[in-house]
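Here's the structure we're looking at; comments come further down.
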Amino acid sequence: MIKNKRIYIAGSGGMLGEAFYNVYRTSNTLRCTDKDVNEKWLDFLDFRDAKEYRNDVEAFRPDYLFHLGALTSLEYCEDHSDEAYATNTTAVENAVHIANALNIPLLYISTAGIFDGKKQSYDDWDDPAPLGHYARSKLLGERFVSQNIQRHLVCRAGWMMGAGPLKDKKFIQKLMKQIKDGKSELYVVDDKFGTPTYTIDFARNVGLLLEHQYWGVYNMVCGGVTERLEVAKELIRIIGREEDVKIIPVSSEYFAKEYFANRPKSEQLITKKLQIRQCNIMREWRICLREYLDTYYSDYLD
Numbered sequence: 002m003i004k005n006k007r008i009y010i011a012g013s014g015g016m017l018g019e020a021f022y023n024v025y026r027t028s029n030t031l032r033c034t035d036k037d038v039n040e041k042w043l044d045f046l047d048f049r050d051a052k053e054y055r056n057d058v059e060a061f062r063p064d065y066l067f068h069l070g071a072l073t074s075l076e077y078c079e080d081h082s083d084e085a086y087a088t089n090t091t092a093v094e095n096a097v098h099i100a101n102a103l104n105i106p107l108l109y110i111s112t113a114g115i116f117d118g119k120k121q122s123y124d125d126w127d128d129p130a131p132l133g134h135y136a137r138s139k140l141l142g143e144r145f146v147s148q149n150i151q152r153h154l155v156c157r158a159g160w161m162m163g164a165g166p167l168k169d170k171k172f173i174q175k176l177m178k179q180i181k182d183g184k185s186e187l188y189v190v191d192d193k194f195g196t197p198t199y200t201i202d203f204a205r206n207v208g209l210l211l212e213h214q215y216w217g218v219y220n221m222v223c224g225g226v227t228e229r230l231e232v233a234k235e236l237i238r239i240i241g242r243e244e245d246v247k248i249i250p251v252s253s254e255y256f257a258k259e260y261f262a263n264r265p266k267s268e269q270l271i272t273k274k275l276q277i278r279q280c281n282i283m284r285e286w287r288i289c290l291r292e293y294l295d296t297y298y299s300d301y302l303d
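Residue numbers (our numbering): 2 to 303.
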């Protein structure tokens with residue numbers, strides 16, 4: 002893990018930003034910014050403003066630039082494609098130009114969603130084939146980073162879990178919110194496969210790669226491929242609600258009106274490069290799910 006460094010973390014108001022803040026803050030000097038200032042350790046910056054972004058990073062004089070933020074709602078990106086590309090693509094180009102000007106390494110977060118899901122699983126070298134504006138905008142950001150800055154990390158996350166009920170807008174929080182609201186039946190798709198990614202493990206694994214200066218593109222997900230249905234069943238088991246909550250398997254068509262954006266059938270990533278470099282500290286997803294629920298949801302259902 003890197004220590005005694007100055008790290009600028011852009012777009013750090015979300016679930017991943019909280020993990021990076023907690024993992025790196027004790028041993029490094031951080032400046033964390035976001036357009037949504039939802040923490041006392043955050044300052045305002047919209048990284049789509051190239052001039053303001055560059056001025057703020059230059060004033061901080063960092064050793065690393067972490068570019069975390071993105072629009073992640075597939076439906077929103079489909080309905081607002083220009084905003085999707087401004088946030089997920091051209092803002093990333095801003096980060097590349099800044100990092101090059103300061104001669105510092107850049108971290109960019111990509112996604113398992115850049116693949117079309119026609120294969121069962123994807124390693125670090127498989128060819129992406131995005132299905133919609135979200136995936137395409139993220140892939141274009143990934144490519145610009147890879148092609149235009151020598152010292153870079155592009156880390157692809159899977160089904161993200163982290164930060165708890167206030168910031169988690171993904172699958173785990175959606176299930177927990179339904180249970181908190183008294184739902185006794187949860188409808189969960191049985192035709193989507195992927196790999197959970199615990200934000201804490203993700204942030205730590207980035208630090209290990211930075212320590213070794215192993216630049217490049219990496220799949221970075223928890224161990225063990227799975228599916229939405231299995232994750233939901235494990236969650237119910239962990240929180241001890243197997244007698245109270247029934248999970249009803251449905252196809253993706255059941256949610257077609259709400260989740261209309263095209264999604265790959267499989268987003269399963271294989272962390273082959275991390276394994277080859279002996280730098281894989283991503284734990285098995287069931288272990289991480291239990292830790293996540295114990296840490297952030299201990300009294301949520303009380």
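C-beta atoms are modelled at their ideal positions from N, C-alpha and C, and glycine is treated no differently.
All values derive from a computational prediction rather than experimental measurement.
From the options, residue whose alpha carbon lies closest to that of residue i
| i | options | result |
| --- | --- | --- |
| L167 | G159, L75, M177, E84 | M177 |
| L290 | S138, T200, Y219 | T200 |
| N104 | Y54, R62, E94, T227 | R62 |
| G241 | D295, M221, A158 | D295 |
| A113 | Q276, Y293, L270 | L270 |
| V246 | S252, R238, S253 | R238 |
| S253 | P265, Y297, E243 | P265 |
| Y260 | V38, Y65, Y54, E76 | E76 |
| D117 | T198, L236, P131, Y123 | P131 |
| L302 | N220, E292, V251, K181 | K181 |
| M221 | S147, M161, P129 | M161 |
| D57 | I99, W126, N263, I277 | I99 |
| G70 | D80, I115, L108, D83 | L108 |
Residue i - partner residues in DSSP beta bridges
| i | result |
| --- | --- |
| Y9 | R32, L66 |
| F194 | E228, S267 |
| T112 | A158 |
| V189 | P250 |
| L107 | L66, H153 |
| Y199 | M162 |
Limits of the beta strand (DSSP E) - the one that residue i falls within
| i | result |
| --- | --- |
| A20 | Segment 16 to 25 is the alpha helix (DSSP H) holding A20; no beta strand (DSSP E) there. |
| R287 | Unbroken run through R287 is the alpha helix (DSSP H), 286 to 297; no beta strand (DSSP E). |
| Y215 | Taken as a continuous stretch (DSSP letters only), Y215 belongs to no beta strand (DSSP E), as it is neither H nor E. |
| R157 | 153 to 158 |
| D44 | 43 to 45 |
| L230 | Counting along the chain, L230 falls outside any beta strand (DSSP E), though it belongs to the alpha helix (DSSP H) covering 229 to 239. |
Cβ-based burial, residue i [other Cβ within 10 Å; buried from 16]
| i | result |
| --- | --- |
| G208 | buried |
| N5 | exposed |
| I282 | exposed |
| H213 | exposed |
| S267 | buried |
| Q329 | Outside the modelled stretch of the chain, which goes from 2 to 303, sits residue 329, for which no answer is possible. |
| S185 | exposed |
| A257 | exposed |
| D202 | buried |
8 Å Cβ shell around residue i - same chain, five flanking residues per side excluded
| i | result |
| --- | --- |
| E19 | S13, E40, G163, A164, K168, T200 |
Same chain only: Cβ atoms within 7 Å of residue i, ignoring 5 sequence neighbours per side
| i | result |
| --- | --- |
| A51 | N95 |
| A85 | L72, C78, H134, Y135, S138 |
| W42 | Y22, C33 |
Unbroken alpha helix (DSSP H) run spanning residue i, endpoints
| i | result |
| --- | --- |
| S138 | 134 to 149 |
| K247 | Note, K247: premise wrong, no alpha helix (DSSP H); beta strand (DSSP E) at 247 to 251. |
| A102 | 92 to 103 |
| Y123 | Where Y123 is concerned, there is no enclosing alpha helix (DSSP H), given that its DSSP letter is neither H nor E. |
| Q174 | 172 to 181 |
| I277 | 273 to 277 |
| C78 | 75 to 80 |
| F61 | 51 to 61 |
Beta-carbon proximity list for residue i, same chain, < 6 Å, skipping 5 on both sides
| i | result |
| --- | --- |
| R32 | Y9, F61 |
| I3 | G208, L211, E212 |
| D1 | Summary: the structure shown does not reach residue 1, with the chain confined to residues 2 through 303, and so no result is reported for it. |
| E143 | S111, V155 |
| R229 | V189, V190, K193 |
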